[in-house]
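Residue numbers (the working numbering), protein chains in the order written: chain A, 148 to 425; chain B, 148 to 425; chain C, 148 to 425.
Where is the CB? At the ideal position from N, CA and C, for every residue including glycine.
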Amino acid sequence: MASFRELRGNESWAAEAWKALCKVREMAPLVQCITNFVSMDIMANTLLAAGASPAMVHAVEEISEFTAIANALCINIGTLSPEWIFSMKTAAVRANELNKPWVLDPVGVGASRFRTERCLELIALRPAVIRGNASEIMAVAGATTAPPKGVDSIHNTPDALEAAKELAKKTHCIVAVSGAVDLVTDGKRVLGVSNGVSLMQRITATGCAVTALIAAFISVNPGRPLESAAFALALFGLAGEIGYEKASGPASLRMYMLDALHGLDEAAVYSRIRIAQI
Amino acid sequence: MASFRELRGNESWAAEAWKALCKVREMAPLVQCITNFVSMDIMANTLLAAGASPAMVHAVEEISEFTAIANALCINIGTLSPEWIFSMKTAAVRANELNKPWVLDPVGVGASRFRTERCLELIALRPAVIRGNASEIMAVAGATTAPPKGVDSIHNTPDALEAAKELAKKTHCIVAVSGAVDLVTDGKRVLGVSNGVSLMQRITATGCAVTALIAAFISVNPGRPLESAAFALALFGLAGEIGYEKASGPASLRMYMLDALHGLDEAAVYSRIRIAQI
Amino acid sequence: MASFRELRGNESWAAEAWKALCKVREMAPLVQCITNFVSMDIMANTLLAAGASPAMVHAVEEISEFTAIANALCINIGTLSPEWIFSMKTAAVRANELNKPWVLDPVGVGASRFRTERCLELIALRPAVIRGNASEIMAVAGATTAPPKGVDSIHNTPDALEAAKELAKKTHCIVAVSGAVDLVTDGKRVLGVSNGVSLMQRITATGCAVTALIAAFISVNPGRPLESAAFALALFGLAGEIGYEKASGPASLRMYMLDALHGLDEAAVYSRIRIAQI
């Protein structure tokens, strides 16, 4: 029951989201991922399904050259270790030097001091976007000191909105909070995305995968990180909705969702994308 | 063609297995996994499908804090290396300090002296449950010195029963042997589980995944490791049976099995669980 | 519109390919894989679907013993690091000592000097087969100095044929170039394989998986590496074709392809294998 104004807004978001997806498919941006071991398969397949080109490259010895040929960088601290953190920092610094966008997924931040500190050091290197669940964003923002329940959120996105805005202002990053409604903010504007189905949470690393997708979208629209993040979240959520129509559980949802992402067409995007300025 | 007595026994096992699954779904235990790279995706998705919350965390720097928030720990030596073994030991010691259950999957033990020695060192740290195939359990028990064929069993579970009982007595662990009939023993009692389909062996890391599931089940029923291990094996096997009805090969079995695990209901569990005291 | 001569040739190739697959299923060769993290799940599942037995083992501490029980070795530099390269070299040397075949997948070679140098060092250890996409083979052969686009090819296989032949002559390895038509050469003879569908490129690590399959096929037919490589490429491509008939996108293709590989029968192999001497 959206008002006329919202519908108009939604239509223009849909047009832009579709255009952004076409651009990803056409340009096939190379996304370098330094990510956790659990997420590698679904992240690579998500990028491929969207038309991007994934490359999991973490050796410090080749970052200088490799980050130079990549179009964007995705850093995810899920299965972090001191060696991998060093690779992440090296790549982030290199991406900054070359003016390439990079995104950060602060998986499980708050679960240990080591994890939180490394995460804050990475944020100090200025990612274009930070995407996490409500608990992760609140932990990064210092809005909660309760240890999280592993990598799953114990907070809802509305709880995290103020924390996300504060964090965005303080860090000059776009902050995206995933949840039933995803929120994306630059500290002033807030976009809400209500695509997706809750069963996606029963598939490991869907959050990680969408962060990589954000990296792909930002790289083809460098001036618009706020909108790009919202588009990636909305299109991935929409793929989940379409996949859900055929799914009989989380594993078939994973499959049909990736198929749907690959097959997304203009009609589906125009009629079903749900983005609104909040 | 089970006798009346067995059927009665089976019904009460089914009731308990169902109750245990409900408890996992309700409590959503956080299971920390230090596991091989091959298994991470299916292990995380198996835990999520069952209602648990997986977290793959191996950095020594955060084990002290992370194991403290976990409800159980799953250690799997598949792609072991000295660094990861150090993490495994650190986590096992920490779990013991905190009185949290941990389970061990001795993948490929016997294939090298290094692997066997590290495995025995881990067993000396007293896991609640050791789960392996017949060849692995026999190698751990010293009942065979023939090198295994990689990670696949060359022995049958009945061959391994005496070895499993001896191992359980000597180590004070529950020992579970996977196979056509799974055997679970504390050295005195033996439970047999005959759920599952042989095609599951053509999916990588199903054994690893069920070990993680055992960790989840033990954490919600800490006093009953023998039964919890049997329940996890039976329910995972049942999910495989249900998945098999739709499958056209190992890859679709993997998908439908995880869907079935997520959707398991009381009727299926009561009518199809096959557990018997042997 | 193949000529009579080609058809006859094709029939005898099909007979041999089928025989080779039967041999893999019967002997279940143990294939040790030191491979990138992204590929581990699909590689292990591909080997299992074909009837082989995968083992991902990389610790230097156990290579001496483990490579001794393996039937073949697959080395893939995708997510390389100095430590893993050391394992790869140690295993390659050990395989050579024991006269066991090993294959090399030079993922992303050319993307950094570090990667290229390590790759050339591995080639100096004389793999039985090198399999890559056109860009990778051209980079290895020194036929291009343009940096690749990550791990995806920017060249076509016909472009790479001369480079492949030169490389095969210089290194005394079989060189296989994957593409719309796969080319396999020993420097003199060239076999072309035209099975497969292009959507397979939208699934991560299909190239890695087929390299592991080549290792399995070579190990059961040690005297015929050229033909074995062609059979593995053709059968994997055929599985992709059969899977494609049911697929609705890349993720379902991945599933149905592995199911089809597991279920491949004589009729399909005889009627649909497309191998020709070029």
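With distances taken from CA atoms, which of the options is nearest residue i?
| i | options | result |
| --- | --- | --- |
| residue 400 of chain A | A:298, A:343, A:322, A:377 | A:343 |
| residue 260 of chain B | C:388, C:312, C:215 | C:215 |
| residue 266 of chain C | C:415, C:239, C:243 | C:239 |
| residue 242 of chain B | B:280, B:390, B:178, B:185 | B:178 |
| residue 314 of chain C | C:335, C:298, C:300 | C:335 |
| residue 296 of chain B | B:393, B:373, B:159, B:254 | B:254 |
| residue 332 of chain A | A:308, A:234, A:355 | A:308 |
| residue 257 of chain A | A:197, A:324, A:346, A:282 | A:282 |
| residue 130 of chain A | A:305, A:269, A:346 | Nothing can be reported for residue 130 of chain A: it is not among the residues displayed for chain A, which extend from 148 to 425. |
| residue 379 of chain A | A:299, A:197, A:157 | A:197 |
| residue 286 of chain A | A:275, A:377, A:306 | A:306 |
| residue 194 of chain A | A:301, A:357, A:158 | A:357 |
| residue 226 of chain C | A:229, A:210, A:382 | A:210 |
| residue 167 of chain A | A:407, A:312, A:363, A:398 | A:363 |
| residue 325 of chain C | C:411, C:384, C:262 | C:384 |
| residue 171 of chain C | C:402, C:393, C:366, C:398 | C:366 |
Does the Cβ of residue i have 16 or more other Cβ atoms within 10 Å, making it buried, or fewer, making it exposed?
| i | result |
| --- | --- |
| residue 245 of chain A | exposed |
| residue 319 of chain C | exposed |
| residue 370 of chain B | exposed |
| residue 421 of chain B | buried |
| residue 425 of chain A | exposed |
| residue 152 of chain C | A caution first: residue 152 of chain C carries a pLDDT of 43, below 50, which makes its placement in the model too unreliable to give a value. |
| residue 418 of chain C | exposed |
| residue 317 of chain B | exposed |
| residue 252 of chain B | buried |
| residue 160 of chain C | buried |
| residue 414 of chain C | exposed |
| residue 229 of chain C | exposed |
| residue 280 of chain A | buried |
| residue 423 of chain C | buried |
Could you tell me which residues DSSP pairs with residue i in its beta bridges?
| i | result |
| --- | --- |
| residue 181 of chain C | C:222 |
| residue 249 of chain A | A:220 |
| residue 333 of chain C | BP columns for residue 333 of chain C are empty, so no partner. |
| residue 424 of chain B | B:338 |
| residue 188 of chain C | Residue 188 of chain C is not bridged to any residue. |
| residue 210 of chain B | Answer by DSSP bridge pairing: none, since residue 210 of chain B is not bridged. |
What in chain A is Cβ-close to residue i, meaning under 8 Å?
| i | result |
| --- | --- |
| residue 183 of chain C | 203 |
| residue 389 of chain B | Simply none; closest approach about 10 Å. |
Can you name the residues of chain B whose CB is closer than 7 Å to the CB of residue i?
| i | result |
| --- | --- |
| residue 402 of chain C | 398, 399, 402 |
| residue 177 of chain C | 296, 297 |
| residue 319 of chain C | Result: empty, since nearest Cβ-Cβ is about 29 Å, beyond 7 Å. |
Could you work out which residues of chain A lie near residue i, taking near to mean beta carbons separated by less than 7 Å?
| i | result |
| --- | --- |
| residue 298 of chain C | 202 |
| residue 220 of chain B | Within chain A, no residue comes near residue 220 of chain B; the closest Cβ sits about 12 Å away, beyond 7 Å. |
Output the boundary residues of the beta strand (DSSP E) element that contains residue i.
| i | result |
| --- | --- |
| residue 342 of chain C | It is not in any beta strand (DSSP E) - residue 342 of chain C carries neither H nor E in the DSSP assignment. |
| residue 406 of chain A | Segment 397-410 is the alpha helix (DSSP H) holding residue 406 of chain A; no beta strand (DSSP E) there. |
| residue 203 of chain C | 200-203 |
| residue 325 of chain A | 321-325 |
Find the residues of chain C that neighbour residue i, judging by a C-beta separation of less than 7 Å, and give them in chain order.
| i | result |
| --- | --- |
| residue 261 of chain B | 206, 208, 209 |
| residue 187 of chain A | 184, 185 |
| residue 223 of chain A | Neighbours of residue 223 of chain A on chain C: none; closest Cβ ~13 Å, over 7 Å. |
Kindly indicate the opening and closing residues of the alpha helix (DSSP H) around residue i.
| i | result |
| --- | --- |
| residue 382 of chain B | 372-391 |
| residue 306 of chain C | 304-318 |
| residue 279 of chain B | It is not in any alpha helix (DSSP H) - residue 279 of chain B instead sits in the beta strand (DSSP E) that spans 276-280. |
| residue 366 of chain C | 353-367 |
| residue 416 of chain B | 413-419 |
| residue 232 of chain B | 229-244 |
| residue 270 of chain B | 260-270 |
List, in order along the chain, the chain A residues whose C-beta lies closer than 9 Å to that of residue i?
| i | result |
| --- | --- |
| residue 301 of chain C | The contacting residues do not exist; residue 301 of chain C stays about 10 Å from chain A at best. |
In chain B, what lies closer than 8 Å to residue i by C-beta?
| i | result |
| --- | --- |
| residue 238 of chain C | Going along chain B, no residue has its Cβ under 8 Å from residue 238 of chain C, so there is no contact; the nearest lies around 12 Å. |
Name the chain C residues whose beta carbon is nearer than 9 Å to that of residue i?
| i | result |
| --- | --- |
| residue 212 of chain A | 258, 259, 260, 261, 262, 294 |
In chain B, which residues lie less than 9 Å from residue i when you measure between Cβ atoms?
| i | result |
| --- | --- |
| residue 406 of chain C | 394, 395, 396, 397, 398, 399, 400 |
| residue 226 of chain A | 187, 203, 204, 205, 206 |
Should residue i be counted as a contact of the ligand ADP given a C-beta to heavy atom distance under 8 Å?
| i | result |
| --- | --- |
| residue 328 of chain A | The ligand ADP is absent from the structure shown, which contains no ligand whatsoever. |
Check the Cβ of residue i against every Cβ in chain C and list those closer than 8 Å, keeping chain order.
| i | result |
| --- | --- |
| residue 350 of chain B | 192, 195 |
| residue 229 of chain B | 206, 208 |
| residue 410 of chain A | 395, 396 |
Flag residue i as yes if its beta-carbon sits less than 9 Å from any beta-carbon of chain E, otherwise no.
| i | result |
| --- | --- |
| residue 255 of chain C | The structure shown contains no chain E; its protein chains are A, B and C. |
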